[in-house]
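S.K.: This structure is in structure tokens; I'll ask about it shortly.
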Amino acid sequence: MARMGMVFDLKACIGCNACVIACKQENSLPNGVFFTKTLSEEYGVFPMANRVFIPTICNHCEDAPCEKVCPTGATYTREDGIVMVDDDKCIGCSSCSVACPYDQRTQMEESDFLKGLFGNGEITPFEEDGYGRYTPGTVTKCDFCSQRVDVGLDPACVVTCPTNARIFGDLDDVHSAPSKMIRERHGRPPLPEKNTKPKVFYVN
Amino acid sequence: MATEKSKGQPTANSLKSGHWVASSCKMCLHSCGNLIHVTDDGIINKIEGNPTNPSNNGKLCPKGNAAIMRHYDPARFKQPMRRTNPEKGTGVDPMWEPISWEEALDITAKEIKKSLDEDPRKILPSLEDFQKFNIWAWPLAFGNFNFYQSGGTMCGGAYHPINGFIHSAFGCANDAKYCNYWINNGTGDGFSSHLHAAAQANWVAKARTERNMRVVSIEPRLSIGSAKAEEWIPIRPATDRHFAMGMSHVMINEGLCDYKFLKRDTNSPYLVGEDGLFIRDENRQCYIWDAQNDCAKLWSDKSIGKIALEGNYEIDGKACRPAFQVYKDILEECTPEAMSEITTVPAETIRRIAREFAEAAQVGATMKLEDGRTVPFRPAGYNYYRGAQGHKHGAQTNHAFKLVNMLMGNIDAPGGHMGVVLDTKEVDINHCVPGESGMLTPTPHQLGPTPPFAYPPNTYHLMDYFPLGVHPPHFNLLVHDDPAHFGVEFTPDVIVNCHSNPVWAMQGPRTKWFDFLRSMRFIVCVDIIPTEMTDWADIILPSSDVLETWNCTMIEPPHTEGQSFRQPAVPPLHDTKSEEEIFYEISERMGILEAYNNVVNLTLGFEGHPELMLELDKKYTDKEIAERKGKLWNGKDIEWYMERGHSVTEKRLDKWYRPWEGSRLHFYIEDMLVERNKLKQQMEDANVPFRHEWEWDDYQPLPSTTLDPVHEEPPEYNLYAITFKDIQINFGESLSNPWLKDIVYRDPVHTGLLLNPKTAAAQGLEQGSIVLVESPYGHVYGRINVSEGMHPETLGISNALSRMKSKDSGVLPAGGHFNDMLPYDLRNTDAATGQPETVCKVKITKLDDWPEFLKDGHTVYDLIAKNESAKGKGGQH
Amino acid sequence: MAIEDKVFSGDTLRSGYRFQRHWDNSMAYAFIFAELGAGIFFVSLLMNSLLGMIMGLVLVSTGKPYFHLAHMGVPSRSWRAMLRPDRSWISRGLLGLGAMIGTGFLYVIALAFGEKLGISPDSGLPGLLKVASATFAIVVMSYQGFAMSHSTAIGIWNSAIIPMASLLYSLSLGVAGALVLLPAAQAGGLVDTQLLLLLGLAIMHVMLLHGGWHGSPGARTSVELLLQTSYSKWFWGLVIAAGIVLPALIMWGAPGNRLLAIISGVAMLGGFCAWRILIFKIGVYEPILSMNPFRTAG
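Chains as they are written, first to last, in this note's numbering: chain B, -1 to 202; chain W, 1323 to 2199; chain R, 22 to 319.
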């Protein structure tokens, strides 16, 4: 069975956050809500200062704590390893949010949808078309664009990344792009000591 | 809520039932290929890159991904409007009254014609749809060369003319396909900005990850490019020319140059007299010194034994030197130590980079191209753009960068430094034309015809005195200050503004620009959304946006060529028209329809193609013009383009690699002196009163070490201030877009004035200090963000902190505008090209609190404070 | 920015520590009512105080559901929260809560109206109910701590001490309640118990903070916030001084004084509420990834 995962190429990432906006497009997200984010970190002292761009996303952990603590079973793992949220079952208790070491769970509030993207209550046709998939109050997250994956497409963020810094595929397939990258460039998961067995890896 | 899932329909936007439209993006100047998804209900709900377009390979930058929110912006102009509030100002409610198109166009045509009939020079056009030069060129229909330009001269004033001189091209970039050692000086090419951001980022990323291309980035701020580069070389602002000259000094004095290239492919062996002009025979042919036979011979003489690059010689008693020797002499004082003093870059670094660059360039190596040619292989390139080139001595600065490349013989060679054309219009047109005396014909007028010399001036921005350069629009303000001084006999009173925001873009104090605008009798704005400029309009003519219109454009793609096609994904949302329709309607009403069609035929290259030429008495739609542009390129009709979205391919090899083969490149730009002498004589003959103020020394055939005047401001101004954008906001208006705002004001480089912590501490400042920043010319307010990624002498002010609030716009004001602090005078403008100075010296004063006018709770800094102090909840809660 | 400077990301895109605010004050109030009520009920059960038992049950069955529902994103669906006792401490706790309230009220009825109903308080059924409700009360007293410590996300919560803290606070508040409600004769022995519990609380705090200080960078950051920076005044002033030191002094110096017992109880309540709220506020997520080679832990 497939085991979908992702690799972030830290050498390539330019921190442009095109992925963020592709995701907002795909998922009709309100302002301030991010299913993926690219962070930046500055360190060092002039003139040896440096800045790194660090893409982050739900890691679709094999041992997902969000799934374990969910009291209703709304959070569950698909056969292909994608950790999903059943919007109909979620009660919005946010236990998953405090269980996720990566803070990748998002609770959407009604005010988000009422204010709209332009903040003044004028809801655009795009939003009208897209907001219907959400129940305000539920806690949701990235689902690796599971519907796109089902028809053989890559997630929206992967497709748009200008520098090909996001590599997606089946980790069970040793010849897949992410598998090869993990092997060749020593991929490592974020916060491995949290024991969640992420399926997202970083290479330098 | 959540009703759709239960119907079993996909909820992911790209998968909802609908269709895809192949088109092109326009969230910046350039035109990456995209695919637009329209649902069965006619809603645009996803835009992706078009993977069949070899330019951006299916990628889009954050701006391209955000186009939907421009399209559905509730603040979009929905119908033509007239102002009813006589008081005008940015942020002042015009109190728009909707009117019919008929009325709006009639008023517009009438008002323009009124001033036109008095004097065509009274019209100030600011038409800046970079993807539609047929609109840009409209004023030529009534012989008007005025230009109240909004974009381009900060980044391109000297850049374009020098590219025109060296490559006969518009822009430049390194060849990412083969480059191994990529220098970026004052540019974000391949990382954050400039040419086709998503496309270049893709090409450069491939080079870095697949071939380990090394990047060295030279600039005062640790930008994205410097962060990714293997080496960041911090440099004092406005000293990049000196860095390049220091490198050149090392390369020449250590014998690292490509002498074969210099001798054969450039005019560097041509003998230069003491007056700076080439020594020429009676047929105006140039000479080369034959070192083997110890005599001067004509450049075309096949019997030349050994071409001399160095030495001092005599022809007919006239002392002369090869142009190469002239530069070598200039560079003598440009030792790394001396240049280190000026740039603050350690001498050893200058030396080392020069040697590394030369080694990486593989002088002498060749490669065989697929077209059979064997060409030099030079996998090292020195790339540069706005930050490095945007200075008073712009021409010399650009030239200095070119010469670093030229010494390595990498001009238009695989892996090297390439000229990038704007739009060759036809696939078989080679932009390079052999010229006189074996040299390439230079084409410094890359942005259209230049008005001829005239006194009294025929343009309000003194373009009559820039035979080589791009428009200096800031001179509109200079002349406005004192028209009599410049002998201007007309007073512009009508602004025709399309796709342009001069209130945002111009340098000089906003308050003075506001006075200038108040002096206008009539302002018409053709635009999509409200901006700082549209608040001043008397009439708004709303244009349809990029998802509703047609076009074909090329726009300086670095590695590719072909037309990027644009077709509507949906019919116009509101009562808007295409720019073509608007300008045709106005032209017809003004009685200049025929003249305009002539201009379009000329501008778009339809001349000489009878099947494409526009009939002079007809009005054309954007679709009809797009169709012709497509056919002009490859003969394919519009259905072909509608299916594919583009005709983009990788550049034809003979147009990318050494398209000037057989001509000599302008190592030495004699035209600088020729044009200077000519202009000087013309001014003398016409008794132009300000000719003694004109900065004649700006015209140089080779770079000099003259410091830009910004370094000579009074010492109380003890820091350099620079401005910048990044990939979220480059080359376009982005900050009204909620998706882009959502990422911009969370990025630490856009949330404060960047200052090195040691410098801050020395001035008694710290993270979060509220400050007043003053240059000799203006001021801004802001809040300090300390950053180790800043040269200690530099204050960085993002352009995201330089906007103003206008009616209905979601754009948030900051503490003023960086451009207020820039000069707009002759002293700080390159007389050779019109390039203005883009850096200023400032002093900082710490304040206890914001001034009153910034305390209304709705500035950028309020949003930033909210983001920074938020305790998070996976969102803004 | 100097190397060691700690970055709190807020809502920016800077890599750094992010506060958890998913479990907000509303959740804290729910936790407070649950532990306070369960503690009072439990101790009252042991001390046979009908009033105390009723008070405890009322606190648990009103405040806890009210604030929990107020916190819930989709309150109408909240019954689903009991569905996964196999995996979720929330489910286990809510089932335990329901059971405690159910058996508790039944026991109270048996005690209050036993004679009228013909049931002896010492007979099998009430005895079973007593044991059952006591057991379920222990579940309620501690399950919230287990829920907090279950996952590795928030360093300072991911400690065995956290459920202990819940239990200790519940018991000590229960005892405080008993000292106020019960006649002096009955409550006499409880003073020593209370002193031990206060000692236990003090030791608990030391263990928790020590463990956090030497734990993950996020845990250390939480401890810094509590002891040194943003929340230190509240912690030292309310949680320690009012919540532990003052009651200890009163228990030690004036054990029989009812007024002082009330003051001591209120102070302990104040300290407990402050702690419950603060432990949520200082929860931070670790920075997801750092490329800074010079970064020191925390």
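Just so you know, even glycine gets a beta-carbon here, dropped at the ideal spot from N, CA and C.
These numbers were taken from a predicted model, which means no experiment stands behind them.
When the distance is taken between beta carbons, is alanine 49 (chain R) closer than 8 angstroms to valine 81 (chain R)?
M.R.: No; because the gap between Cβ atoms is not below 8 angstroms, this pair is not in contact.
S.K.: Buried or exposed for isoleucine 177 (chain R), going by 16 or more other Cβ atoms inside 10 Å?
M.R.: By the 10 Å Cβ count, isoleucine 177 (chain R) comes out buried.
S.K.: Suppose you measure from the CA of aspartate 168 (chain B) to the CA of threonine 158 (chain B); what does that come to, to the nearest Å?
M.R.: About 19 angstroms.
S.K.: Evaluate histidine 1395 (chain W) with the Cβ neighbour count: other Cβ atoms within 10 Å of its Cβ, from every protein chain shown; 16 or more gives buried, anything less gives exposed.
M.R.: The residue you asked about is not histidine; residue 1395 (chain W) is aspartate in the sequence shown. Counting Cβ neighbours within 10 Å, aspartate 1395 (chain W) comes out buried, since at least 16 surround it.
S.K.: Put arginine 1966 (chain W) into one of helix, strand or coil per three-state DSSP.
M.R.: DSSP places arginine 1966 (chain W) in helix when its eight states are reduced to three.
S.K.: Whole angstroms is fine: what's the gap from leucine 121 (chain R)'s alpha carbon to leucine 280 (chain R)'s?
M.R.: It should be pointed out that residue 121 (chain R) corresponds to methionine in this sequence rather than to leucine. C-alpha separation (whole angstroms): 31 angstroms.
S.K.: Flag valine 45 (chain B) as yes if its beta-carbon sits less than 8 angstroms from any beta-carbon of chain R, otherwise no.
M.R.: The question names valine, yet the displayed sequence has proline at residue 45 (chain B). Closer than 8 angstroms: no.
S.K.: Near glycine 1927 (chain W), what residues of its chain come up, given a Cβ to Cβ distance below 7 angstroms and the 5 sequence neighbours on each side ignored?
M.R.: Taken in chain order, the residues that qualify are Lys1747, Glu1748 and Leu1954.
S.K.: Output the residue ranges of the alpha helix (DSSP H) runs that lie fully inside the segment 231 to 295 of chain R and measure 4 residues or longer, sorted by chain position.
M.R.: Runs found: 238 to 248 and 267 to 274.
S.K.: Looking at the C-beta of tryptophan 2061 (chain W), does it have a partner C-beta in chain D at a distance below 8 angstroms?
M.R.: The chain inventory of the structure shown lacks chain D, comprising the protein chains B, W and R.
S.K.: Report yes or no: is there a C-beta of chain R within less than 8 angstroms of the C-beta of aspartate 1562 (chain W)?
M.R.: So, not an interface residue.
S.K.: Give the secondary structure of valine 1685 (chain W) by DSSP, where H, G and I count as helix, E and B as strand, and everything else as coil.
M.R.: It is coil, neither helix nor strand.
S.K.: For leucine 1578 (chain W), which residues from the same chain have a beta carbon less than 6 angstroms from its beta carbon, with the 5 sequence-adjacent residues on both sides left out?
M.R.: Result list for leucine 1578 (chain W): Ala1680, in chain order.
S.K.: Taking CB distances under 8 angstroms as the criterion, tell me whether glycine 239 (chain R) reaches chain W.
M.R.: Cβ-Cβ to chain W under 8 angstroms: no for glycine 239 (chain R).
S.K.: Can you tell me the Cα-Cα spacing of alanine 1859 (chain W) and arginine 1398 (chain W), whole angstroms?
M.R.: When rounded, the distance between both Cα atoms is 15 angstroms.
S.K.: Suppose the cutoff is 7 angstroms on Cβ atoms and the five residues either side in sequence are ignored; what does the same chain contact list for isoleucine 1626 (chain W) look like?
M.R.: Correct list, in chain order: Ile1610, Asp1612 and Lys1619.
S.K.: Please report the Cβ distance between proline 1312 (chain W) and glycine 1473 (chain W), rounded to the nearest whole angstrom; I am assuming they are in contact, meaning their Cβ atoms lie under 8 angstroms.
M.R.: The requested residue 1312 (chain W) does not occur in the structure, where chain W is confined to residues 1323 to 2199.
S.K.: If the criterion is Cβ atoms closer than 8 angstroms, does the pair tryptophan 234 (chain R) and alanine 168 (chain R) meet it?
M.R.: Contact flag unset, no.
S.K.: Which residue from W:Gly1371, W:Glu1937, W:Ile2166 and W:Gln1401 puts its Cα closest to that of alanine 16 (chain B)?
M.R.: When each option's Cα is compared against that of alanine 16 (chain B), the closest is W:Gly1371.
S.K.: Check whether the segment 1700 to 1717 of chain W touches the segment 2138 to 2157 of chain W, taking contact to mean three or more Cβ pairs, one atom from each stretch, closer than 8 angstroms.
M.R.: Yes, they touch.
S.K.: I'd like to know whether the C-beta of aspartate 32 (chain R) is nearer than 8 angstroms to at least one C-beta of chain W.
M.R.: Taking Cβ atoms only, chain W reaches closer than 8 angstroms to aspartate 32 (chain R), which makes this a yes.
S.K.: DSSP on arginine 1642 (chain W), reduced to helix/strand/coil?
M.R.: Note on identity: in this sequence residue 1642 (chain W) is cysteine, with arginine being the wrong assignment. It is a strand residue.
S.K.: Isoleucine 1672 (chain W) and valine 1572 (chain W) look like a contact to me (Cβ under 8 angstroms); what is the Cβ gap, rounded to whole Å?
M.R.: About 7 angstroms separates the two Cβ atoms, so the contact holds.
S.K.: Checking 8 angstroms against the spacing of the C-beta atoms, do tryptophan 1460 (chain W) and tyrosine 1963 (chain W) come in under that value?
M.R.: For tryptophan 1460 (chain W) and tyrosine 1963 (chain W), no; Cβs fall outside 8 angstroms.
S.K.: Going by C-alpha to C-alpha distance, which of W:Gln1522, W:Pro1658, W:Ile1664 and W:Val1594 sits closest to lysine 1640 (chain W)?
M.R.: Nearest of W:Gln1522, W:Pro1658, W:Ile1664 and W:Val1594 to lysine 1640 (chain W), Cα basis: W:Val1594.
S.K.: Mind listing which residues of the segment 2074 to 2093 of chain W have their C-beta closer than 9 angstroms to chain R's C-betas, in chain order?
M.R.: So the list reads Pro2079 and Gln2089, given in the order they occur along the chain.
S.K.: According to the neighbour-count rule (16 or more other Cβ atoms, all chains shown, within 10 Å of its Cβ), is alanine 318 (chain R) buried or exposed?
M.R.: Residue confidence for alanine 318 (chain R) is low, a pLDDT of 49 falling below 50, so the modelled location carries little weight; the figure read from the coordinates is stated next. Exposed, because fewer than 16 other Cβ atoms sit within 10 Å of the Cβ of alanine 318 (chain R).
S.K.: Using a beta-carbon distance below 8 angstroms, is arginine 35 (chain R) in contact with chain W?
M.R.: Yes - at least one Cβ of chain W is within 8 angstroms of the one on arginine 35 (chain R).
S.K.: Which residues, in chain order, does the segment 90 to 111 of chain B contribute to contact with chain R at a C-beta distance below 7 angstroms?
M.R.: For the segment 90 to 111 of chain B, which is checked against every Cβ of chain R, the residues closer than 7 angstroms are Gly90, Cys91, Ser92, Ser93, Ser95, Val96, Ala97, Cys98, Pro99, Tyr100, Asp101 and Gln105.
S.K.: If we ignore side chains and look at the alpha-carbon of each, how far apart do glycine 2179 (chain W) and asparagine 2121 (chain W) end up?
M.R.: The straight-line gap from Cα to Cα measures roughly 20 angstroms.
S.K.: Among the residues of its own chain, which have a CB less than 7 angstroms from the CB of lysine 35 (chain B), if the five just before and after it don't count?
M.R.: Hits under 7 angstroms: Val18 and Thr54.
S.K.: For a quick check, are the C-beta atoms of serine 1377 (chain W) and isoleucine 1358 (chain W) less than 8 angstroms apart?
M.R.: In this structure, isoleucine 1358 (chain W) does not lie closer than 8 angstroms to serine 1377 (chain W) by Cβ.
S.K.: Taking only the alpha-carbon atoms, compute the straight-line gap between glutamate 2034 (chain W) and asparagine 2040 (chain W) and give it to the nearest angstrom.
M.R.: Going from the Cα of glutamate 2034 (chain W) to the Cα of asparagine 2040 (chain W) covers about 11 angstroms.
S.K.: Over what stretch of residues does the alpha helix (DSSP H) that includes tyrosine 128 (chain R) continue unbroken?
M.R.: Note, tyrosine 128 (chain R): alpha helix (DSSP H), 110 to 138.
S.K.: So that I know if they touch, is there some Cβ in chain B lying closer than 8 angstroms to that of glutamate 1992 (chain W)?
M.R.: Output row for glutamate 1992 (chain W): interface = no.
S.K.: Does any C-beta atom of chain B lie closer than 8 angstroms to the C-beta of alanine 1527 (chain W)?
M.R.: Yes, alanine 1527 (chain W) lies at the interface with chain B (some Cβ there is under 8 angstroms from its Cβ).
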